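Numbering (full-length UniProt numbering), first residue to last: 1 to 259.
Take a look at the structure:
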């Protein structure tokens with residue numbers, strides 16, 4: 001439990017998410033979920049970097065991507081203080097709206113937005129009417145990546161070295177909006193977690209017994225099912241968005257300004 005929560009590629013997930021990660025890795029016991037909830041509540045770093053609660057000022061607007069990698073959200077984290085030991089002060093984050101697959105890289109400066117859009121013929125859109133810089137999916141990715149880095153970094157100037165581990169932790173965690181991991185939507189199979197190698201899971205034990213030809217056939221069958229999995233994810237995402245909008249708008253307090 002500790003290894004999955006805060007070990008190598010650990011995302012410091014909440015209790016329910018931690019329980020799902022452990023079950024997906026092939027481990028289970030009767031009090032799994034309650035143990036995970038209690039463990040996450042007692043994690044010092046999870047308490048230190050918990051969310052602050054703010055009032056919701058305006059109605060929610062959502063985007064829906066029709067297929068993988070058709071629509072991306074991009075944002076920059078920074079200026080980061082202290083800067084990394086390699087001189088980097090920014091993190092450029094991009095997220096695919098469909099799979100929730102995240103790419104990120106650190107930079108010393110981020111000043112070529114127009115040049116990049118022109119070079120790759122990117123049609124740039126502001127994501128919301130009430131705040132041009134607000135981009136829900138990538139803002140959530142930013143928040144989660146920052147939290148993982150904050151919770152796993154021991155020497156702050158080495159935060160850039162934790163970025164690949166934070167990305168892997170994010171990609172192998174179940175996203176509530178899709179019901180599955182970004183990794184499985186991209187590759188059609190779940191990633192093998194470090195804990196599954198240290199304490200061999202049933203999946204790892206079974207795959208070691210397979211001949212090469214059997215493993216290839218099994219992998220081919222998984223790839224054939226990936227479109228079905230993505231279609232199910234699309235339906236799940238649409239229902240999730242409707243539920244989220246209803247819950248969000250109940251808390252909205254419109255603000256009227258008078259001259």
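Every residue gets a Cβ at the ideal spot worked out from N, C-alpha and C, and that includes glycine. From a predicted model like this one, the values you see are computed outputs, not experimental measurements.
Which same chain residues, not among the five before or five after residue 12, have their C-beta less than 7 Å away from its C-beta? Counted from its first residue, the chain shown places residue 12 at position 12. Answer for residue 12: 5, 6, 43, 45, 46, 147, 148, 151, listed in chain order.
For residue 133, which residues in the same chain have their Cβ closer than 6 Å to its Cβ, ignoring the five residues on either side in sequence? Here residue 133 refers to the residue found at position 133 when the chain shown is read from its first residue. Any reading at residue 133 is ruled out, since the residue's pLDDT is 46, under 50, leaving its predicted position unreliable.
Straight-line gap, residue 190 to residue 184 (C-alpha atoms, nearest Å): In the chain shown, the residue the question calls residue 190 occupies position 190. In the chain shown, the residue the question calls residue 184 occupies position 184. When rounded, the distance between both Cα atoms is 5 Å.
Cβ separation of residue 96 and residue 120, assumed to be a contact under 8 Å, to the nearest whole Å: By 1-based counting over the chain shown, the position of residue 96 is 96. By 1-based counting over the chain shown, the position of residue 120 is 120. In fact, because the Cβ distance is near 15 Å, the residues do not count as touching under 8 Å.
Going by beta carbon distance, what residues of the same chain come within less than 6 Å of residue 204, once the five residues before and after it are set aside? Working through the chain shown from its first residue, we reach residue 204 at position 204. Around residue 204: 196.
Any contact between the stretch 138-147 and the stretch 75-85? By contact I mean 3 or more CB pairs, one from each, below 8 Å. These segments touch.
Less than 8 Å between CB atoms is the rule here; does residue 137 satisfy it with respect to chain C? Within the model displayed, chain C is absent; a lone protein chain is all it includes.
Measuring alpha carbon to alpha carbon, tell me which residue in 26, 232, 27 is nearest residue 179. As a position in the chain shown, residue 179 is number 179, starting the count at 1. Of the candidates 26, 232, 27, 232 places its Cα closest to the Cα of residue 179.
Would you mind listing the beta strand (DSSP E) stretches within the stretch 83-129 that are 3+ residues and don't spill past its ends, in chain order? Within the stretch 83-129, the complete beta strand (DSSP E) runs of at least 3 residues are 90-96, 102-107.
Same chain, Cβ closer than 8 Å to residue 163, neighbours up to 5 away in sequence not counted: One-based indexing of the chain shown puts residue 163 at position 163. Beyond the five residues adjoining it in sequence on each side, residue 163 comes within less than 8 Å, by CB distance, of 91, 104, 105, 106, 145, 149 in the same chain, given in chain order.
Residues of its chain near residue 26, where Cβ-Cβ distance is below 6 Å and the 5 sequence neighbours each way are ignored: In the chain shown, residue 26 corresponds to position 26, counting from 1. Same-chain partners within the cutoff: 201, 202, 203.
Tell whether a beta-carbon distance below 8 Å holds between residue 181 and residue 174. Indexing the chain shown from 1 puts residue 181 at position 181. Indexing the chain shown from 1 puts residue 174 at position 174. Result yes, Cβ atoms of residue 181 and residue 174 sit closer than 8 Å.
Could you check whether residue 207 and residue 215 sit closer than 8 Å to each other, using their CB atoms as the reference points? Taking the chain shown and counting its residues from 1, the one referred to as residue 215 is at position 215. Taking the chain shown and counting its residues from 1, the one referred to as residue 207 is at position 207. For residue 215 and residue 207, yes; Cβs fall inside 8 Å.
Restricting to Cα atoms, I'd like to know which of 109, 102, 100, 72 is closest to residue 89. The residue given as residue 89 occupies position 89 in the chain shown. A check of alpha carbon separations from residue 89 across 109, 102, 100, 72 identifies 109 as the nearest.
Since residue 179 sits in a beta bridge, which residues does DSSP pair it with? Within the chain shown, residue 179 is the residue found at index 179, counting from 1. Answer by DSSP bridge pairing: none, since residue 179 is not bridged.
Mapping the DSSP letters down to three states, classify residue 159 as helix, strand or coil. Residue 159 sits at position 159 when you count from the first residue of the chain shown. In this structure, residue 159 counts as helix in the three-state DSSP scheme.
For residue 149, the three-state DSSP class (helix, strand or coil): Residue mapping note: residue 149 aligns to position 149 of the chain shown, counting from 1. Three-state result, residue 149: helix.
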